[in-house]
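*Asks:* Here the numbering used here = 1-based position in the sequence shown + 1381.
Structure incoming, see below.
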Amino acid sequence: MSRRLISTGSPFEKTAGYSRAVIDGDFAFVAGTTGYDYTTMTMPGDVTSQSRNCFKTIEAALKEGGFAMADIVRATYYLTDVSDAEAHFAVCGEVLGDIRPAATLLIVAGLYKAEMKVEIEVTAKRRNP
1382 MSRRLISTGS PFEKTAGYSR AVIDGDFAFV AGTTGYDYTT MTMPGDVTSQ
1432 SRNCFKTIEA ALKEGGFAMA DIVRATYYLT DVSDAEAHFA VCGEVLGDIR
1482 PAATLLIVAG LYKAEMKVEI EVTAKRRNP
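Set out below in structure tokens:
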């Protein structure tokens, strides 16, 4: 299977030189995804909504590449405020509670734009090639 690039159609992907996801064989590598609501092109103010939007975008990229959320084997979470961790983890539990990928949380000084509270990246491995 050849390498395939998945795009959300955002012009920023071309400008910054990245893909939302790269499919390579039985693996999907999803880029760091922030909490934009792409239907309204807005960023919610709270980490819960941002985290849900991150997973919605990730799920769409995985689906386009022929993967399911259940294929996620690794997740990395970047938060700008440690006080948001519990709310973020509650969303992670809703979405990934039965999947339980290996995961890492990092508290960072900031993300690309000040309104961004969370960024999530995942790796998935197709279970049924």
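The C-beta atom is built at its ideal place from N, Cα and C for all residues, glycine as well.
(1) Ignore the nearest five residues each way along the sequence and tell me which others in L1487's own chain have a CB closer than 6 Å to its CB.
(2) What residue range does the alpha helix (DSSP H) around V1394 cover?
(3) Which one or two residues does DSSP pair with K1506 in a beta bridge?
(4) By Cβ distance below 6 Å, which residues in the same chain neighbour I1501 in space, the five residues on each side in sequence not counted?
(5) For P1482, I'd like the list of residues in its chain whose CB is within less than 6 Å of its CB, leaving aside the five on either flank, ordered along the chain.
(6) Taking just the CA atoms, how far does N1509 sit from K1494?
(7) So what's E1467 in DSSP terms, helix, strand or just coil?
(8) Go ahead and pull the three-state DSSP assignment for G1413.
(9) What is the DSSP secondary structure of E1496, reduced to helix, strand or coil?
(10) For the beta strand (DSSP E) containing A1484, name the first residue and the last one.
(11) Using CA coordinates, which residue listed in M1497, V1503, R1507 and A1505 is at the minimum distance from T1429?
*Replies:* Put simply:
(1) Stepping through the sequence shown from its first residue, residue 1487 is reached at position 106. Excluding positions up to five away in sequence, the list reads Y1459.
(2) The residue labelled residue 1394 in the question sits at position 13 within the sequence shown. The question names Val, but residue 1394 is Glu in the sequence shown. Note, E1394: alpha helix (DSSP H), P1392 to A1397.
(3) Taking the first residue of the sequence shown as 1, we reach residue 1506 at position 125. Paired residue(s): F1408.
(4) Here residue 1501 is taken as the residue at index 120 of the sequence shown, counted from 1. So the list reads T1414, C1435 and Y1458, once near-sequence residues are dropped.
(5) Working through the sequence shown from its first residue, we reach residue 1482 at position 101. Cβ neighbours of P1482 beyond the five flanking positions: I1453, V1454, R1455 and A1456.
(6) Mapped onto the sequence shown, residue 1494 falls at position 113. Mapped onto the sequence shown, residue 1509 falls at position 128. Computed Cα separation, rounded: 38 Å.
(7) Along the sequence shown, read from residue 1 onward, the residue named residue 1467 stands at position 86. Note: E1467 maps to helix in three-state DSSP.
(8) Within the sequence shown, numbered from 1, the residue matching residue 1413 stands at position 32. DSSP places G1413 in strand when its eight states are reduced to three.
(9) Here residue 1496 corresponds to residue number 115 of the sequence shown, with the count starting at 1. Coil at E1496, not helix or strand.
(10) Residue mapping note: residue 1484 aligns to position 103 of the sequence shown, counting from 1. Start and end: A1483 to I1488.
(11) The count along the sequence shown starts at 1 and reaches residue 1429 at position 48. Checking every option, the nearest Cα to that of T1429 belongs to M1497.
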